[in-house]
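What follows is a set of notes on a single structure, which appears directly below.
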Amino acid sequence: MAAVYLDHNATTPLDPRVLEVMLPWMSGGPGNPSSVHSFGQRAREAVDGARDAVARSLGGVPPEWVFTASGTEANNAVLLGLAHHWQARAKDLPGHLVISAVEHPSILRAADRLEASGFRVTRIAPDSDGAVDGERVAEALEDATFLVCLMLANNEVGSIQPVGRVAELCRERGIPVLCDAVQAVGKIPVSVRELGVDYLTLGAHKFYGPLGAAALWVRGGAAFESYLVGGGQERRRRAGTENVPAVVGLGKALELAVAELDERAAAMSAMRDRFEAGLGALGDVSIHARGTARLPNTSNIAFHGVAADSLMIRLDLEGFAVSAGSACSSGKPEPSATLTAMGIDPSTALSSLRVSFGTTNSLAETDRFLEVLERQLAAVRSHTRAAAGI
Amino acid sequence: MTPLTAVAMSGGLDSSVTAWLLAAGGEPVVGLSMLLWDRSHETTHGRCCGALDLGDARRVARQCGIAHYTLSMEEEFRRHVVDPFVDDYLAGRTPIPCTRCNTWVKFDLFLEKARSLGADRMATGHYARIVEGEDGFELHRARHAAKDQSYYLFELTQKQLAASRFPLGDMTKEAVRGLAREAGLSVAEKGESMEICFVSGGIREFVEEEVEARSEQVVPAKAGAPAQVVDREGAILGEGDPYYRYTVGQRRGLGVATGERLYVLGIRPGRNQVVVGAEQELLSSGLTGRKVHWIGRPPESSLEATVKIRSRHPGVLSHIQPDRAGGARIDFAEPQSAVAPGQAAVFYSGTRVLGGCWIEAGLGPGWT
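The following block contains the structure:
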């Protein structure tokens with residue numbers, strides 16, 4: 001039987017409809033969007049068409065959207081660029097950054113680097129459900145705060161953050177907000193205007209688009225310093241020849257994601273809820289972030305007393321792909337930084353698995369997964385008991 | 001249903017062919033690599049645990065059509081293998097980290113991890129054989145003496161042997177390489193790693209770096225200072241390198257110019273001395289050992305067996321007298337040169353490994 005992929009928060013399969021619009025740009029003639037000739041003009045039209053599609057789907061006007069190669073690049077560009085911008089203007093006053101403690105590593109590590117070079121960073125811890133309190137973010141604001149970073153939805157537990165409220169509070173102080181919406185786009189409604197933020201990032205491969213394509217929204221008039229310098233691409237905001245097929249794919253994938261959002265969300269939450277209802281029978285499990293608004297597809301479960309990496313490998317050997325810790329930090333069994341920030345003890349964190357459903361999964365697969373999970377969980381528990389001599 | 005076997009894959013030739021042999025036999029196999037010593041910033045190919053070797057292991061697993069995972073065991077490896085290795089040098093001994101790694105990591109933690117993943121058996125690319133005898137499992141030398149690694153496996157227990165498989169035990173290195181070529185494995189032309197896997201430069205430099213990194217309490221005060229080179233009577237002949245740079249039997253680098261050839265007879269860390277003497281003074285009539293381990297049932301009294309005092313030693317007929325404290329006194333049928341504390345004395349009866357112990361000291365007529 002074919003393996004079942006339940007790790008859609010790591011990446012998603014490419015939608016065949018997206019592949020179809022990409023293929024001509026991979027097998028067809030050459031085209032650098034910056035070239036003046038007819039070949040270049042065709043490529044330029046394709047990239048601009050994708051930009052229009054992004055603006056139609058998420059709001060803003062097309063020139064406010066910048067294509068990048070990854071969500072990480074887009075997040076880094078805003079953080080490091082604004083830090084540099086602050087330094088150039090404020091001279092001796094050290095800049096201050098406010099981020100949530102459950103941001104993606106592309107923000108956490110960029111903040112660490114800024115801290116090491118003299119900036120101050122305030123990290124706002126979430127509650128035990130992984131939700132950040134917007135008022136606590138507001139309390140942390142200072143005159144020297146040059147940016148606030150708050151993700152729309154957490155990649156590991158799926159908790160949805162009060163980005164709109166935080167943006168409102170920051171606007172009163174004239175402080176810009178970066179919203180990492182990489183995990184949210186394609187799963188919940190997203191509108192840059194409604195959120196009221198200044199910067200927003202997304203990545204195509206999280207919503208059935210290609211790897212290597214991401215987008216950054218910079219509100220008209222917001223400060224921005226380009227991170228990659230070189231040619232004048234993307235209105236001088238991101239040097240480097242555009243990845244035409246990937247950008248075209250991003251546009252198509254986003255159009256589909258927005259058009260089909262309601263049915264996708266309903267299908268994913270039906271599977272997720274069925275799965276979580278079935279977990280009760282397994283005993284001694286708890287579901288993270290259950291007490292707050294969550295993405296419809298994400299379930300992060302603690303199997304108390306069980307090593308999550310062992311369970312994950314057992315499930316993989318049985319043909320079910322899930323994640324123990326986010327894909328970006330795999331390799332070492334260290335407790336998840338997100339779960340740790342939620343106040344969850346290290347042993348519970350190391351017993352936690354993330355299951356993230358997608359549009360290609362079915363209820364039948366969900367039921368089969370529950371059966372296999374029950375069997376493997378029983379096996380790993382009996383092994384754990386035997387090893388402990390109980 | 002055939003039970004699942006976990007193959008310990010280092011990315012080297014031997015473990016790759018082990019995985020291929022089992023997978024080709026059609027039984028369920030999973031490849032597991034251990035990340036023991038992360039030197040991913042080093043690009044040296046052919047060292048165990050380098051990022052490139054883990055990549056090789058992954059590639060071979062893919063070629064074999066088996067699942068592959070990497071287990072991080074860095075903390076455990078440091079605790080059970082690297083730190084004791086440095087401790088041994090500081091105590092004037094000459095350690096064998098590979099045996100400790102087998103005893104504490106590969107056939108202990110690895111097997112435990114494999115079991116937690118549902119694999120009840122494990123396989124490695126060791127050149128040795130496991131035979132099910134009347135009295136339980138027996139460990140034997142490899143069929144071909146040139147590659148035999150049974151010396152490093154003397155601390156294995158019945159439980160470990162029952163769960164382990166050495167598919168290369170009957171094969172020659174050439175045959176193994178031939179199989180790899182035939183199967184088109186990407187590692188078919190990979191060289192042999194002879195040195196200690198976690199030491200990329202010299203052992204001396206490694207020990208010194210580790211000593212530097214340690215707090216002062218755990219390092220003898222005189223470590224790092226030049227050692228006194230003395231003769232057996234205690235007469236000072238000169239000043240050498242720090243004492244832990246020496247190994248019993250060593251001849252070069254003594255920093256002493258006398259008429260005769262001098263050899264290291266012993267190391268006295270407490271006094272920061274290296275004792276030297278003539279070649280015939282290196283001879284020992286036997287040794288005392290500690291932590292005796294028997295693979296099968298322990299003998300009721302003393303016994304005769306062939307004893308190997310280092311991996312390349314041909315073996316010497318000996319009388320082994322175990323004591324009640326878990327140690328043993330071993331008398332050789334003829335004197336042996338350079339009995340080095342910290343090495344293992346492994347007991348053989350024909351091809352069979354009976355057990356072994358850790359060498360504490362050599363016995364006269366040489367230096368004691």
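Chain order of the listed sequences is U and H.
At position 373 of the first sequence the residue is numbered 373 (our numbering), and the sequence of numbers has no breaks.
At position 160 of the second sequence the residue is numbered 160 (our numbering), and the sequence of numbers has no breaks.
For every residue, glycine included, the Cβ atom is placed at its ideal position computed from N, Cα and C.
Residue from the options with nearest C-alpha to residue i
{"i": "serine 351 of chain U", "options": "U:Ala308, U:Lys206, U:Thr338, U:Ala379", "result": "U:Ala308"}
{"i": "methionine 171 of chain H", "options": "H:Arg290, H:Leu254, H:Ala145, H:Leu153", "result": "H:Ala145"}
{"i": "alanine 2 of chain U", "options": "U:Leu373, U:Arg375, U:Phe369, U:Ser382", "result": "U:Phe369"}
{"i": "methionine 294 of chain H", "options": "H:Ser337, H:Arg93, H:Arg58, H:Val353", "result": "The amino acid occupying residue 294 of chain H in the given sequence is tryptophan; methionine does not appear at that position. The option with the nearest alpha carbon to tryptophan 294 of chain H is H:Val353."}
{"i": "alanine 293 of chain U", "options": "U:Asp127, U:Ala386, U:Glu73", "result": "U:Asp127"}
{"i": "alanine 321 of chain U", "options": "U:Gly231, U:Thr366, U:Ile344", "result": "U:Thr366"}
{"i": "arginine 219 of chain U", "options": "U:Arg51, U:His85, U:Gly203, U:Pro176", "result": "U:Pro176"}
{"i": "tyrosine 152 of chain H", "options": "H:Asn102, H:Arg78, H:Gly255, H:Asp38", "result": "H:Asn102"}
{"i": "glutamate 134 of chain H", "options": "H:Glu304, H:Gly342, H:Gly296, H:Lys147", "result": "H:Gly296"}
{"i": "glutamine 228 of chain H", "options": "H:Leu287, H:Glu210, H:Gly255, H:Glu208", "result": "H:Gly255"}
{"i": "methionine 342 of chain U", "options": "U:Val61, U:Ser117, U:Arg290, U:Ser34", "result": "U:Arg290"}
{"i": "valine 163 of chain U", "options": "U:Ala116, U:Ile99, U:Arg109", "result": "U:Ile99"}
{"i": "alanine 162 of chain H", "options": "H:Arg100, H:Arg143, H:Ile130", "result": "H:Ile130"}
{"i": "alanine 235 of chain H", "options": "H:Gln273, H:Leu36, H:Thr2, H:Glu281", "result": "H:Gln273"}
{"i": "leucine 143 of chain H", "options": "H:Glu132, H:Arg115, H:Lys173", "result": "Reading off the sequence shown, one finds arginine at residue 143 of chain H, where the question assumed leucine. Of H:Glu132, H:Arg115, H:Lys173, the residue nearest in Cα terms is H:Lys173."}
{"i": "leucine 261 of chain U", "options": "U:Val185, U:Glu334, U:Ser336", "result": "U:Val185"}
{"i": "leucine 156 of chain H", "options": "H:Thr70, H:Thr247, H:Phe137", "result": "H:Phe137"}
{"i": "glutamate 73 of chain U", "options": "U:Val21, U:Tyr227, U:Leu339", "result": "U:Tyr227"}
{"i": "valine 199 of chain H", "options": "H:Asp83, H:Leu139, H:Ser302", "result": "H:Asp83"}
Test item: CB-CB of residue i and residue j under 8 Å
{"i": "cysteine 170 of chain U", "j": "leucine 200 of chain U", "result": "no"}
{"i": "tyrosine 208 of chain U", "j": "threonine 12 of chain U", "result": "yes"}
{"i": "alanine 188 of chain H", "j": "alanine 175 of chain H", "result": "no"}
{"i": "cysteine 357 of chain H", "j": "arginine 290 of chain H", "result": "yes"}
{"i": "alanine 328 of chain H", "j": "serine 318 of chain H", "result": "no"}
{"i": "leucine 22 of chain H", "j": "proline 242 of chain H", "result": "no"}
{"i": "alanine 361 of chain H", "j": "isoleucine 96 of chain H", "result": "no"}
{"i": "serine 106 of chain U", "j": "asparagine 155 of chain U", "result": "no"}
{"i": "alanine 111 of chain U", "j": "leucine 79 of chain U", "result": "yes"}
{"i": "phenylalanine 107 of chain H", "j": "glutamine 160 of chain H", "result": "yes"}
{"i": "alanine 223 of chain U", "j": "leucine 82 of chain U", "result": "yes"}
{"i": "glycine 251 of chain U", "j": "alanine 10 of chain U", "result": "no"}
{"i": "alanine 91 of chain H", "j": "threonine 18 of chain H", "result": "no"}
{"i": "glycine 130 of chain U", "j": "histidine 288 of chain U", "result": "yes"}
{"i": "alanine 213 of chain U", "j": "alanine 246 of chain U", "result": "yes"}
{"i": "valine 411 of chain H", "j": "tyrosine 348 of chain H", "result": "Nothing about residue 411 of chain H can be reported from this structure: the residues present for chain H run from 1 to 368 only."}
{"i": "proline 33 of chain U", "j": "valine 47 of chain U", "result": "yes"}
{"i": "alanine 204 of chain U", "j": "glycine 249 of chain U", "result": "yes"}
{"i": "arginine 121 of chain H", "j": "arginine 165 of chain H", "result": "yes"}
{"i": "isoleucine 309 of chain H", "j": "glutamine 336 of chain H", "result": "yes"}
{"i": "valine 148 of chain U", "j": "valine 137 of chain U", "result": "yes"}
Inter-residue CB distance, residue i and residue j (contact presumed, cutoff 8 Å)
{"i": "serine 269 of chain U", "j": "valine 355 of chain U", "result": "Actually they are not in contact, since the Cβ atoms of serine 269 of chain U and valine 355 of chain U sit about 13 Å apart, beyond 8 Å."}
{"i": "arginine 314 of chain U", "j": "glutamine 376 of chain U", "result": "4 Å"}
{"i": "arginine 204 of chain H", "j": "arginine 245 of chain H", "result": "5 Å"}
{"i": "tyrosine 127 of chain H", "j": "glutamine 149 of chain H", "result": "5 Å"}
{"i": "glycine 11 of chain H", "j": "aspartate 53 of chain H", "result": "3 Å"}
{"i": "valine 211 of chain H", "j": "valine 86 of chain H", "result": "7 Å"}
{"i": "alanine 215 of chain U", "j": "tryptophan 65 of chain U", "result": "6 Å"}
{"i": "glycine 249 of chain H", "j": "valine 264 of chain H", "result": "6 Å"}
{"i": "glycine 305 of chain U", "j": "threonine 384 of chain U", "result": "6 Å"}
{"i": "threonine 5 of chain H", "j": "alanine 119 of chain H", "result": "6 Å"}
Closer than 7 Å: residue i CB and nearest the ligand MN heavy atom
{"i": "glutamate 76 of chain H", "result": "As far as ligands go, the structure on display features none, and thus does not contain the ligand MN."}
Return the residues of the segment 107–119 of chain H that lie within a Cβ-Cβ distance of less than 8 Å from chain U, sorted by chain order. Glu112, Lys113, Arg115, Ser116, Leu117, Gly118
Could you list the residues in the segment 50–69 of chain H with a C-beta less than 7 Å from some C-beta on chain U, going in chain order? Ala67, Tyr69
What residues in the segment 8–30 of chain H have a beta carbon less than 9 Å from any beta carbon of chain U? Pro28, Val30
Can you list the alpha helix (DSSP H) stretches of 4 or more residues lying completely in the segment 239–269 of chain U, in chain order? 244–259
So within the segment 308–383 of chain U, which uninterrupted alpha helix (DSSP H) runs reach at least 4 residues, ignoring any that extend past its ends? 308–317, 337–341, 346–349
Could you name each continuous beta strand (DSSP E) segment of 3 residues or more that falls completely within the segment 176–243 of chain U, going from the start of the chain to the end? 177–180, 199–203, 214–218
Extract the residue ranges of the beta strand (DSSP E) inside the segment 130–154 of chain H, only unbroken runs of 3 or more that lie entirely within it. 136–141
Which of the residues in the segment 34–53 of chain U, read from start to end, lie with their CB under 8 Å from any CB of chain H? none
In chain order, which continuous runs of the beta strand (DSSP E) of length 3 or greater are located wholly inside the segment 104–176 of chain U? 120–124, 145–149
According to a CB-to-CB cut-off of less than 9 Å, which residues of the segment 274–295 of chain U neighbour chain H? none
By the 7 Å beta-carbon criterion, what residues does the segment 295–323 of chain U contribute toward chain H? Ala307, Ser310, Ile313, Arg314, Asp316, Leu317
Return the residues of the segment 371–386 of chain U that lie within a Cβ-Cβ distance of less than 9 Å from chain H, sorted by chain order. Gln376, Ala379, Val380, His383, Thr384, Ala386
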